[in-house]
Amino acid sequence: MEFLQLTTMQKDVLREIGNIGAGNAATSLSTLLNKKIEMKVPSVSIVGFDEIMELTGGSEETIVCLLFRIQGEAPGTVYLIFTIEEAEYFVKELTNDPDFSLFHSEQENEMALSALQEIGNIVTGSYLTALSDFTKINMQPSVPYLGIDMAGAVLTVGLLELSQVSDYAIVIDTEISHDGTEEGIQGNFFLLPDPESFAKIFSALGINDYE
Amino acid sequence: MNETSLVVKVGIADLKVVKAPDLIRTSGLGSCVGVIVYDPSKKIAGLSHVLLPDSALAKQAKLNVYKYADTAIPYLVNSLLEKGARKYALKAKMAGGAQMFQFSSGSDIMRIGPRNVEAVEKQLAEFRIPVIASDVGGNAGRTIEFDPETSQLKIRKVNKEEFYI
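These protein sequences, in sequence, are chains A and B. First residue of the first sequence: 1, per full-length UniProt numbering; consecutive thereafter. First residue of the second sequence: 1, per full-length UniProt numbering; consecutive thereafter.
Here it is in structure tokens:
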């Protein structure tokens, strides 16, 4: 199965999925931080593996990401991606520790890492719940896996299933942002459905011209 | 002489060959393996960024030979020989094959790093190419750059000093 082309209708459906999921996620993030969180209209793109890394600033760029495997009827991978500064901002807000730094502390701050994982849990949980409600497909997130490393290294993991089938991935990318303070934050949601999941998502939503 | 050296970049599931004074580099290796095969006196080197161990895993009609260890390495060796490298002089260095996340469910695809390393080593052994140095495994991403002039492989990890093997 190669999916070099999606119909406009299919793209719209995937965009809507990203929209509903991230809308819910933004709401829960906003409640968590007690801040206004905005989101952009999701983009759906069919990209080569190298281009995926470019979406987050290049494969060598250090990112903080939370990876969730989706289990259930439509398996896939979800990434919640932040820059180092954004992740630090979250932890500072949540733990009331204005001096927190991901790398400069003597040892890994377990409390901070666990706060990050919890953010991921809440936000991704609401993303997937919305998706699952909308499509009536059962989707369960795994526990969060936190990765702080080069984008290329951590994002490849989500492409492995796909890479056996194709050289391209369909990425549903939603940006969330908060510009209230000087330290504006911005995060990305990447939803990477496994190859066999597309047919299920499309048919669950009544689009049958997918091969 | 006023030669300028280029740094040739190799992407994911990609493969390229360079001659000194050019350098060759690939970034963000996680579970992937970056394998360099080179002829030290001819100063010619090829780098392959291997994504998966075995082309038998492919469910794709049109096979991308650069993607799999068992197809990329024979292709890499051939490309080097065509460009004037000598088979008996070939040597290899490799890096990558990390396990980026400690998944609780032991799905096979998730321990892809060590499997990639094994597959690359097996291929190199079949061509009787000795592995001179390697930095594999662990759980950190790597960016590597090889200089065919000196046969040195520079490795960078996040928040670590660069080092050479």
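We put the beta carbon where it would ideally sit given N, CA and C, even for glycine.
- Query: Would the stretch 129-141 of chain A and the stretch 131-151 of chain B be scored as touching if the rule is three or more Cβ pairs under 8 angstroms?
  - Reply: By the criterion of at least three beta-carbon pairs nearer than 8 angstroms, the stretch 129-141 of chain A is not in contact with the stretch 131-151 of chain B.
Counting only the same chain and skipping the five closest in sequence on each side, list residues whose C-beta sits under 7 angstroms from that of A/TYR210.
-> Walking along the first sequence from the start, residue 210 of chain A turns up at place 210. The predicted model places A/TYR210 with a pLDDT of 48, which falls under 50 and marks its position as unreliable; any figure quoted below should be read in that light. Within the same chain, Cβ atoms closer than 7 angstroms to the Cβ of A/TYR210 are found at GLN10, PHE198, ALA199 and PHE202, the five residues on either side in sequence being excluded.
Review point. Applying the criterion that 16 or more other CB atoms from any shown protein chain within 10 Å of the CB defines a buried residue, is B/SER5 buried or exposed?
Key: Within the second sequence, the letter at position 5 stands for residue 5 of chain B. With fewer than 16 Cβ atoms within 10 Å of its Cβ, B/SER5 is classed as exposed.
Should A/LEU67 be flagged as near chain D, meaning a C-beta pair shorter than 9 angstroms? In the structure shown, chain D cannot be found, because the protein chains are A and B.
Review point. For A/GLY187, does the three-state DSSP call read helix, strand or coil?
Key: Here residue 187 of chain A refers to the residue found at position 187 of the first sequence. It is a strand residue.
Which of helix, strand or coil DSSP assigns to residue 178 of chain B:
Coverage of chain B is limited to positions 1 through 165, which leaves residue 178 of chain B absent and any answer about it impossible.
query: Per the contact definition of three or more C-beta pairs closer than 8 angstroms, is the stretch 41-57 of chain B in contact with the stretch 111-121 of chain B?
result: With the cut-off at 8 angstroms, the stretch 111-121 of chain B and the stretch 41-57 of chain B touch.
**Exposure of B/PRO130, with buried meaning 16 or more beta-carbon neighbours within 10 Å** = For the purposes of this step, residue 130 of chain B is taken as residue 130 along the second sequence, with counting starting at 1. Around the beta-carbon of B/PRO130, fewer than 16 other beta-carbon atoms lie within 10 Å, marking it exposed.
Point to revise | Distance, A/SER59 Cα to B/VAL158 Cα | key: The count along the second sequence starts at 1 and reaches residue 158 of chain B at position 158. The count along the first sequence starts at 1 and reaches residue 59 of chain A at position 59. One C-alpha to the other measures close to 12 angstroms.
If you count every other CB in all the chains shown that lies within 10 Å of the CB of A/ALA25, and 16 or more means buried, which is it? Working through the first sequence from its first residue, we reach residue 25 of chain A at position 25. A/ALA25 comes out buried.
Can you name the residues of chain A whose CB is closer than 7 angstroms to the CB of B/ASN64? Locating residue 64 of chain B in the second sequence gives position 64, counting from the first residue. Taking a Cβ-Cβ cut-off of 7 angstroms, the neighbours of B/ASN64 in chain A comprise ASP167, given in sequence order.
message: By alpha-carbon positions, which one of A/GLU196, A/PRO75 and A/TYR168 ends up nearest to A/MET53?
response: Within the first sequence, the letter at position 53 stands for residue 53 of chain A. A/MET53 has its Cα closest to that of A/TYR168, out of A/GLU196, A/PRO75 and A/TYR168.
### Query
Quick one: what's got a C-beta closer than 7 angstroms to A/GLY125's C-beta in the same chain, skipping five residues either side?
The count along the first sequence starts at 1 and reaches residue 125 of chain A at position 125. Closer than 7 angstroms at the Cβ level, and outside the excluded window around A/GLY125, lie PRO141.
(Q) Please state the DSSP three-state secondary structure of B/SER134. (A) For the purposes of this step, residue 134 of chain B is taken as the residue at position 134 of the second sequence. DSSP places B/SER134 in strand when its eight states are reduced to three.
ask   = What's the C-alpha gap between A/TYR79 and A/VAL13?
value = Against the first sequence, residue 79 of chain A aligns to sequence position 79. Against the first sequence, residue 13 of chain A aligns to sequence position 13. Between A/TYR79 and A/VAL13, the C-alpha separation is close to 20 angstroms.
Inset, instruction - Measure the CB-CB distance between B/PHE146 and B/LEU76 and report whether it falls below 9 angstroms. - result: Residue mapping note: residue 146 of chain B aligns to position 146 of the second sequence, counting from 1. Residue mapping note: residue 76 of chain B aligns to position 76 of the second sequence, counting from 1. For the pair B/PHE146 and B/LEU76, the CB atoms are not nearer than the 9 angstroms cut-off.
Checklist entry - By the criterion of Cβ-Cβ separation under 9 angstroms, what are the contact partners of B/PHE101 in chain A? => result By one-based count along the second sequence, residue 101 of chain B stands at place 101. LEU67, TYR145, LEU146, GLY147, VAL154 and VAL157, listed in chain order.
| Distance, Cα to Cα, B/MET100 vs B/GLY30? | Along the second sequence, read from residue 1 onward, the residue named residue 100 of chain B stands at position 100. Along the second sequence, read from residue 1 onward, the residue named residue 30 of chain B stands at position 30. For the pair B/MET100 and B/GLY30, the Cα-to-Cα distance works out to about 6 angstroms.
* To do: Grab me the residues of A/PRO98's own chain with a C-beta within less than 7 angstroms of its C-beta, minus the 5 sequence neighbours each way, in chain order.
  => Reading the first sequence from its first residue, position 98 is the one you call residue 98 of chain A. Counting only residues of its own chain and dropping the five nearest sequence neighbours on each side, A/PRO98 has a CB closer than 7 angstroms to the CB of LYS92.
Taking the alpha carbon of A/ALA151 as the reference point, which residue from B/ARG142, B/LYS154, B/GLU161 and B/GLY84 has its own alpha carbon closest?
The residue you call residue 151 of chain A lines up with position 151 of the first sequence. Nearest option by C-alpha distance: B/ARG142.
Practice problem: Give me the Cα-Cα distance between B/GLY28 and A/ALA153, rounded to the nearest whole angstrom. | Solution: Indexing the second sequence from 1 puts residue 28 of chain B at position 28. Indexing the first sequence from 1 puts residue 153 of chain A at position 153. In a straight line, the C-alpha of B/GLY28 is about 5 angstroms away from that of A/ALA153.
| Below-9 angstroms beta-carbon distance, A/THR83 vs any chain B residue | Working through the first sequence from its first residue, we reach residue 83 of chain A at position 83. Not an interface residue.
Practice item. Assign B/LEU63 to one of two classes, buried (16 or more other C-beta atoms within 10 Å of its C-beta) or exposed (fewer than that). Key: Here the question's residue 63 of chain B lines up with position 63 in the second sequence. Result: exposed.
Quick one: what does DSSP say B/ARG128 is sitting in, helix, strand or coil?
Taking the second sequence and counting its residues from 1, the one referred to as residue 128 of chain B is at position 128. Three-state result, B/ARG128: coil.
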